[in-house]
Each structure stands twice: as structure tokens, then as C-alpha cells.
Amino acid sequence: MSVYRLLFNDLLARLRWRMIPLVGLMSLAGLGEGMTVAFLLPLLSRIGVAIPGKQDVANRVLENGLAFVGAHTLWQILGLVVAIAMLQGVSSIGLSWWINRLARRYQHERQMELFRAFMSARWNFVVERKAGDLTSTIVTECERLGLAFTMILLLISTTVVAIIYFAISLLIAWQAMLCLALFGVVTALAMVRVHRLSYGAGRRVAPLNSELQSQLVEQFAAFKLVKATASEERAVARIEPLLEKLEWVQTLGSFLPMMARGTLEFMAFVSLVLIIVVAGSGVGVSVGSVLVVIALFARQFPRVTAMQAYLHYLNGYVHAIETINLFMSDAEAEEEPHEPSAVSLTVHPPTSLVLRGLSVSFGGHKVLDQVDLQMPVPGLTALVGASGAGKSTLVHSLLGLMEPSAGTITLGPHEMRAVPLRSWRRLIGYVPQETMLFHASVRDNVTLARPDASLSDIETAARRAHAYDFITALPDGLDTMIGDQGAKLSGGQRQRLGIARALLTNPVLLVMDEAMSALDSESEKEVLRTLEELRKTMGIVLIAHRLGAVRTADTIGVLEAGRLIESGTWAELMTREARLFAFATAQSAGDVQPVKAAV
Ligand SMILES: Nc1ncnc2c1ncn2[C@@H]1O[C@H](COP(=O)(O)OP(=O)(O)OP(=O)(O)O)[C@@H](O)[C@H]1O
Ligand SMILES: [Mg+2]
């Protein structure tokens with residue numbers, strides 16, 4: 062389906078009944094405009110300018126109309142013409158406002174639909190795409206689509222007005238209007254090539270915009286690294302060629318409508334001169350006729366050039382609908398199962414979290430392979446293993462972010478796939494490997510999963526996470542803005558905020574994926590003391606590279622290349638003298654990164 066058809070169908074589907082009053086208003090504007098010119102005839106005859114005989118029919122109709130409304134004198138007719146012109150002006154202004162309003166609403170609807178679809182998609186959908194592409198689609202492409210929508214409505218409106226105006230004008234001076242129609246056809250043919258060019262230029266804008274936005278997002282996200290490695294020039298060198306390409310395409314996109322306008326103005330001038338000469342040298346056409354022709358031409362000409370310009374701009378913007386529809390259908394295809402509402406699941410400890418035959422694959426490559434593990438709730442389970450062993454993948458599966466290719470995950474009486482995902486996730490407090498903080502206050506960041514939490518709940522969670530002291534020391538306490546990604550906090554403080562956030566929901570299970578890696582040994586000890594308290598009331602899954610943190614765990618699972626190669630208590634695994642023993646030996650030998658180095 063052509064992009065124009067896609068846009069037009071979308072327009073009809075969204076405007077539905079509004080299309081009727083819209084076309085009605087367009088017709089009113091066209092009728093008013095045609096009538097103001099038509100009334101030039103009786104006006105001219107009142108001031109003594111001869112009207113040629115050919116317009117007798119039109120003249121008679123107009124005179125009858127005037128007699129009907131009781132306008133006979135010059136001033137009465139003038140008053141009527143001004144009144145109609147005012148009505149026409151008001152309907153034109155109303156039409157412009159409505160068109161712009163509809164277009165912005167359409168843009169807003171498409172932006173919300175996209176954002177919702179992205180938010181409802183599986184985690185992998187976003188992971189596999191560049192953040193800049195997603196942002197560019199919502200911001201830039203939707204804006205271009207909104208403009209395309211405006212252009213198509215303006216085109217429809219101008220066409221409706223032009224047709225009505227043309228029909229009225231045909232009654233007054235059909236020769237002149239036929240000349241104008243001929244002029245329209247010739248210019249349209251002359252513009253075909255220019256249209257192709259602007260269509261091509263428009264098509265190239267979307268990928269370039271999206272690439273630019275991706276690059277910018279990446280460069281700012283890595284700004285610290287860019288500075289620290291003195292690679293500003295490299296960053297500039299990546300952006301510059303993109304801007305140059307965009308500059309060229311956008312120059313073409315905005316120049317072509319202007320070129321078309323210039324050409325049209327020239328052709329219109331030649332046509333007008335021709336009309337006047339032909340009319341004047343023919344069978345002695347009166348001054349009145351020539352005046353009416355010029356008036357018709359003067360009013361209709363801007364409409365023809367405007368139509369050309371709208372068409373060119375439409376050529377430039379219309380491709381946005383392809384990009385948007387593509388992202389939308391991809392996101393919808395990866396939508397998480399729809400759940401009407403999250404029910405509250407209950408788990409009665411003591412119980413356990415059980416993984417049975419859990420396997421996860423990425424594109425045919427098994428990242429977790431038949432993992433069987435039972436973790437006590439309440440209790441502390443530690444997962445250790447070399448980098449890339451699959452620890453985070455196991456956590457992602459626990460959170461339902463990743464769909465296992467085989468196996469089951471059960472917490473107490475609930476099997477993950479049998480309950481609503483949102484309800485399942487509410488049982489779990491998650492502290493990720495890299496703490497995600499928003500550019501907002503400490504309070505907003507901590508209450509992300511529970512916006513209605515009371516102050517005392519927030520304080521309790523902060524105390525349990527050993528974050529209370531540093532929060533109260535901040536300039537505005539809980540209301541301190543912490544900067545983009547928490548840039549105004551230390552790494553350890555960011556992690557403790559992340560822990561406070563997870564504890565605020567009173568989860569049945571607390572999952573910490575190397576959440577202590579940025580803590581100094583004193584803070585780590587404090588958090589470990591907290592975990593000692595928490596493990597009495599909730600299940601904790603702790604991923605840690607430092608083995609000191611896992612010694613007291615009820616169960617330690619050792620992962621290697623996606624397989625659980627051993628599990629048991631510290632004492633059991635040490636006695637076995639296998640993998641954990643090797644890690645521990647390497648670590649006590651003073652390796653900087655003992656677990657990674659041991660394998
Ligand atoms: N989205 C993904 N697509 C493809 N492969 C992935 C994806 N996420 C992880 N992997 C692969 O899965 C394997 C396990 O990764 P995972 O993040 O689970 O390791 P990890 O044990 O947490 O390592 P680390 O200690 O470094 O955090 C790695 O080989 C990684 O390359
Ligand atoms: Mg990891």
C-alpha cells in the first residue's frame with residue numbers, strides 16, 4: 062500500500078464522523094469565497110462598468126438573488142459582499158484552527174500509542190534496539206507525521222474550496238476558468254519530476270534523523286568516558302557527517318517547494334497576460350470582463366501555489382508513517398501477555414523458590430542449561446560464577462524479563478507462567494547490577510514501585526538499606542534532586558538507594574545482582590548485617606563476586622557456562638574441594654577479581 066494511502070486511511074479511521082462537519086466547513090469557506098468574487102459583477106454594473114453579454118445568465122441569477130435579499134443600491138450590495146467576506150474569513154480561520162488542533166491531537170495519539178506499545182513490550186524488544194531509534198520515532202517521526210496530517214487536511218480543504226470556487230467562477234467567465242484549468246494541468250505535469258525529487262528527499266530523512274538521535278543519546282550517555290579518554294573530537298567526527306547529510310536532504314526538501322512556487326508564479330504571469338491579450342483582441346470584450354478575470358485569477362492563483370507547496374511538504378513528511386507503523390507492529394508483536402489487573406499473590410513462608418530444568422537460549426546459544434536449584438524462603442541463597450556464566454540471565458528469568466526455553470520457576474504455590482506477570486513481579490524486590498536512577502528527587506526514585514508509600518515506610522526502607530544517614534545529609538533530604546542517572550551521588554550511595562527502593566515494597570524475595578560491588582568494605586559489612594536481619598523474614602538471592610559475602614548463605618549455587626555445577630552450604634562445598642574451593646583459594650591468594658580469575 063502506498064504511503065499516501067496508509068496516511069489517508071489512518072486519517073479516515075481516526076476522524077470518522079468529524080470528516081463530515083470538516084468538509085462542510087471547507088465547503089462553506091469555498092462558497093463564501095466564490096460568492097464574494099461573483100458579486101463583483103453587480104458591483105461593477107452599479108458603478109457603470111459594462112458587463113459583457115455572455116455573463117447574462119450569471120448576472121440575472123445574481124440580480125435575482127440580490128432582489129430576493131433586498132439589496133439594490135451600491136452600498137447595500139457592498140454591505141452584503143463585506144458580510145459574506147467576513148463569514149468566509151471566519152470559517153477559514155475556524156478551519157485552520159480545527160485542522161491544526163486535529164493534527165496535533167493525532168500526533169499526540171500516535172506518540173502515546175507508541176510509548177504504551179514500547180512499555181508493554183517484552184524487555185528484549187527494547188534491549189535489542191537503540192534507545193535513540195525509539196526516542197526518534199516517538200519525538201521526531203511523530204512530529205513529521207503530525208505535519209503530514211496537517212498537509213493532507215490542508216490539501217483536502219484547498220481542493221474542496223477550489224472546486225466550489227471553480228464551479229462558481231465557471232458561471233461568470235468560463236473562458237478564463239478553462240484557461241486556468243489548462244494552466245493547472247500543464248504546471249502539474251511540469252512538476253512531476255520535482256515531486257519525485259521531494260518524495261525521495263523525504264524518504265531519506267527518517268533514517269538519518271534516527272541515526273543522529275541514536276548517536277547523540279550514546280555520546281551523552283558515555284560523556285564521562287568521552288571526557289576521560291579525551292575523545293571529544295571522535296564524538297564530533299561521528300556527528301558531523303550525519304549533520305552534513307541531513308543538511309543536504311533538508312535543503313532539498315525545503316528548496317523544492319520554493320522552486321515550484323517560483324516556477325508557478327512565472328507561468329501564472331504568462332497565462333494571465335495571455336488571457337488578457339486573447340480576451341482584449343477577440344470580439345471586443347469589455348473592461349468589466351477583464352477586471353473579473355483578473356480578480357478570479359488573483360484569488361485562485363495563491364490557492365494553486367499553496368496546493369503545490371502542501372504536496373511537496375507532504376512528500377517530505379509522509380514517510381514517517383512507515384517508520385512509525387513498523388516500530389508499532391514490532392512492539393505489538395512482542396507485547397507481554399495482557400493481564401486485566403494484577404492480583405495480589407500470597408506466599409506463606411517457610412517455603413522455597415524452585416528452579417526445575419531452567420534453560421534460556423539466545424539465538425540458539427544456550428546461556429542457561431537445565432538449572433535445578435531450590436532456594437529457601439526465608440533464607441539466603443548465593444549465586445557465584447565467572448563473568449558470563451549466566452547469573453544475571455538467571456535473575457532476568459526470575460523476574461519474567463526473559464522467557465525460558467524450558468523449565469519452570471515456582472515460588473511457594475505459584476508457578477511463574479500460571480500467574481499474571483505483574484503480580485509475580487510484585488513478589489520480588491530487584492536491585493540490578495547497574496542501579497537505574499531517574500533525574501528526580503530521592504523520594505521519587507525510592508518510591509518508584511510504590512508511589513503511595515508513607516514517610517515512615519520510606520524512612521524504614523532507607524534505614525534497612527543503610528541509606529538513611531546519607532539521605533538526611535543531602536541539602537534537601539528526601540527532596541534532593543539527584544541528577545541524571547543519579548550523577549550527584551557516589552556509586553555506593555546509588556546502590557543503597559536501589560536497595561531501599563527494592564525493600565520499600567516488602568517483597569517476599571529480594572534479588573540482588575552484584576548490588577554490593579560499588580560499596581566500600583564498611584558499607585558492604587553494614588548491608589550484609591541488614592541482609593542477616595532480612596533473611597529471617599524473606600528469601601534473598603544474592604549474586605556476589607566477593608566470596609566473603611556468601612559464606613553464611615543457606616545455599617550457594619556455582620554456575621559455569623550456564624550450568625549449575627555444584628550447590629550446597631559453604632562448609633559442604635569446601636569439603637568437596639571442587640569449584641567453590643578453587644575460587645576461595647584464588648581469592649585468599651589475593652586476586653583482584655578472584656571469581657573471574659579463578660576460571
Ligand atoms: N540479550 C542478550 N542477547 C544475547 N546474549 C546475551 C544477552 N544477555 C546476555 N547474553 C549472553 O549470556 C551470557 C551470560 O550473561 P550474563 O549477563 O547472565 O552473565 P553474568 O554471569 O551475569 O556475568 P557478569 O558476572 O559479568 O555479570 C553471556 O555470554 C552473554 O553474552
Ligand atoms: Mg551479571
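In the working numbering, the protein residues as written are 62 to 660. Glycine residues also receive a C-beta, built at the ideal position from the N, C-alpha and C atoms.
- Within 6 Å of the C-beta of PHE176 there is not a single heavy atom belonging to ligand 1.
- With at least 16 other beta carbons inside 10 angstroms of its own, ARG171 counts as buried.
- Where HIS457 is concerned, the enclosing alpha helix (DSSP H) starts and stops at 452–459.
- Contact holds between the region 154–163 and the region 207–216, because three or more Cβ pairs, one in each stretch, are under 8 Å apart.
- Per the coordinates, the alpha-carbon of ALA144 lies some 11 Å from the alpha-carbon of VAL151.
- For the 7 Å CB-CB criterion, HIS527 and GLU587 form a contact.
- Excluding its 5 nearest sequence neighbours in each direction, THR541 has C-beta neighbours in its own chain below 7 Å: SER502, VAL503 and LEU535, listed in chain order.
- Separation of the CB atoms of SER453 and GLN494 is rounded to 6 Å, and the pair is thereby assigned contact status at 8 Å.
- Within 10 angstroms of the beta-carbon of ASP433 lie fewer than 16 other beta-carbons, which makes it exposed.
- The closest CA to that of VAL445, considering only LEU89, GLU308, GLY618 and LEU135, is found on GLY618.
- The closest CA to that of LEU603, considering only VAL365, ILE560 and GLU174, is found on ILE560.
- Contact between the region 261–272 and the region 240–250 is absent: fewer than three C-beta pairs spanning the two stretches fall below 8 Å.
- Taking a 10 Å sphere around the C-beta of SER153, we find 16 or more other C-beta atoms and assign the residue as buried.
- Across the set ASN125, LEU148, ILE108 and ALA132, the C-alpha of LEU148 shows the shortest separation from the C-alpha of MET87.
- With fewer than 16 other Cβ atoms inside 10 Å of its own Cβ, VAL188 counts as exposed.
- LYS427: member of the beta strand (DSSP E) spanning 426–438, first to last residue.
- Following the DSSP letters along the chain, one finds LEU76 inside the alpha helix (DSSP H) bounded by residues 64–76.
- In the DSSP assignment, ARG557 falls within the unbroken alpha helix (DSSP H) covering 552–564.
- Taking each of MET573, PHE423, PHE69 and ASP574 in turn and checking the Cα distance to ASN185, the smallest one comes out for PHE423.
- Counting along the chain, ALA447 sits inside no alpha helix (DSSP H), nor does DSSP assign it H or E at all.
- A Cβ-Cβ separation of about 10 Å leaves ARG612 out of contact with LEU441 under the 8 Å criterion.
- Proximity of the region 395–412 to the region 473–483 meets the contact definition, three or more beta-carbon pairs being nearer than 8 Å.
- Boundaries of the beta strand (DSSP E) harbouring PHE423: 412–423, taken from the DSSP string.
- In the structure shown, ARG612 adopts coil according to DSSP, grouped into three states.
- Taking 8 Å as the upper bound for CB-CB distance, ALA510 and ARG562 are in contact here, some 7 Å apart.
- A direct Cα-to-Cα measurement between ILE543 and VAL456 gives close to 27 Å.
- With a beta-carbon spacing of about 5 Å, LEU571 and GLY490 fall inside the 8 Å limit used to define contacts.
- By the C-beta density criterion, PHE100 is buried, having at least 16 other C-beta atoms within 10 angstroms.
- For ARG607, the three-state secondary structure derived from DSSP is coil.
- Secondary structure at SER157: helix, using DSSP grouped into helix, strand and coil.
- Every unbroken stretch of the beta strand (DSSP E) spanning 3 or more residues and falling wholly within the region 487–512 is given here in chain order: 489–492.
- Residues of the same chain with a CB within less than 6 Å of the CB of SER332, apart from the 5 flanking positions on each side, are PHE244 in chain order.
- Shown here, THR591 sits in a helix according to DSSP, grouped into three states.
- According to DSSP, LEU620 shares a beta bridge with GLY446 and LEU625.
- Distances from the CA of GLU621 to each of PHE644, MET635 and THR496 were compared; the closest alpha carbon is that of PHE644.
- Taking the Cβ of VAL428 as the reference point, at least one heavy atom of ligand 1 falls within a distance shorter than 6 Å.
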